[in-house]
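>
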Amino acid sequence: MSDLLKAEFYKMFRTKMLWGLLAFAAVMGNLMILDGNLPGTAREFLDAFVYNMPLLYFLLIIFGAMFIGTEFDNRTLQSYLTAGHKRGTVLAAKSISYFAACLVILFIPLFGDLLLGIAVWGNNGNGSAGTARTMFLALYMILAMGSLILLLGFAFQDTGKTLTVPLILYFLMIFFMNGDSAQIIARYLPMGQLRLLALHQMEGIYVQTLVTDSLWIAGGCIGAYGFFVHSDLK
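Next up, the structure:
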């Protein structure tokens with residue numbers, strides 16, 4: 378397991394796409410802030426970036442297609458099995474490294490904005506407890522968003538489908554989040570939960586949100602395991 382993790386993290390950190398997507402997320406996330414009311418406190422600055430994070434979900438989809446789907450196309454995962462590694466171990470290493478990449482792409486820019494906001498405005502309007510809760514929930518929601526791509530990557534085992542199908546779902550989720558039942562749907566979609574978090578509309582549903590996201594993560598991992606174990610890799 379440790380050797381696989383080292384190999385996966387080495388590939389991940391050596392991938393120029395990862396750092397390109399990180400830079401894109403940081404730049405676009407902040408440019409979109411300029412499209413609305415400009416923040417006047419560090420907390421408002423943080424909330425503004427969180428509000429825009431759902432629109433950056435497609436970055437996780439792009440990286441997932443390249444990091445998971447391409448591994449099947451190049452027979453990299455098959456070579457792990459040929460070398461004697463168990464499928465569960467291979468999946469665990471791939472999942473951990475992919476979830477880490479999701480955090481690099483979306484959470485690091487968020488953390489950077491937190492530090493930037495404090496540097497510019499100080500702690501005014503940026504209570505420590507509320508900020509810590511926002512950061513933790515945002516981190517958990519990012520992992521929940523990544524779990525869908527993980528599941529579909531191991532379901533399709535193909536770069537094209539792993540890119541196309543999640544992108545279609547991404548646009549559908551954006552559509553439903555702007556519909557008449559947006560408030561209800563947002564509670565069960567990690568993308569929507571980020572919007573509620575940014576708008577401070579999560580009072581009383583924190584536990585429900587953690588349970589929902591835990592189900593997303595567990596379902597994604599278990600589903601990916603089921604597809605991987607029963608796949609006929611040649």
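Numbering-wise (our numbering), the sequence shown opens with residue 378 and increments by one.
The C-beta atom is built at its ideal place from N, Cα and C for all residues, glycine as well.
All figures in this text were calculated on a predicted structure; none of them were measured in a lab.
Quick check: the Cα distance between D535 and D450, rounded to an integer number of angstroms?
6 Å
> Using the Cβ count rule (16 or more neighbours within 10 Å means buried), how would you classify A403?
Buried, since its Cβ has 16 or more Cβ neighbours within 10 Å.
> Check whether the region 407–423 touches the region 474–485, taking contact to mean three or more Cβ pairs, one atom from each stretch, closer than 8 Å.
Between the region 407–423 and the region 474–485, the count of C-beta pairs closer than 8 Å stays below three; the two stretches do not touch.
> Give me the Cα-Cα distance between W498 and D424, rounded to the nearest whole angstrom.
14 Å
> Identify which residue in A575, A477, F605 and N414 has its Cα closest to the Cα of V427.
A575
> In the DSSP assignment, the alpha helix (DSSP H) including A402 goes from what residue to what residue?
K393 to I410
> Rounded to a whole number of angstroms, what is the C-alpha to C-alpha distance between I410 and S608?
44 Å
> Using a threshold of 8 Å, state whether the C-beta atoms of R464 and V606 are closer than that.
Yes, they are a contact pair.
> Could you name each continuous alpha helix (DSSP H) segment of 4 residues or more that falls completely within the region 524–599, going from the start of the chain to the end?
536–554, 559–563 and 567–575
> Write down every uninterrupted run of the alpha helix (DSSP H) in the region 461–496 whose length is 4 residues or greater and which is fully enclosed by it, in chain order.
464–479
> CB-CB under 7 Å to E385, same chain, minus the five flanking residues each way: which ones, in chain order?
Setting aside the 5 residues that flank it on each side, E385 is surrounded in the same chain by A470, K471 and S474, each with a C-beta closer than 7 Å to its C-beta; the list follows chain order.
> Within a Cβ cutoff of 8 Å, which residues of the same chain sit near M579, ignoring the five residues on either side of it in sequence?
If you ignore the 5 residues before and after M579, its C-beta comes within less than 8 Å of the C-beta of L514, Q570, L573 and T586, all in its own chain and listed in chain order.
> Apart from the five residues on each side of it in sequence, which residues of its chain come closer than 6 Å, Cβ to Cβ, to G523?
L437, F476 and C479
> Just the Cα atoms here: how many angstroms apart are F444 and Q455?
14 Å
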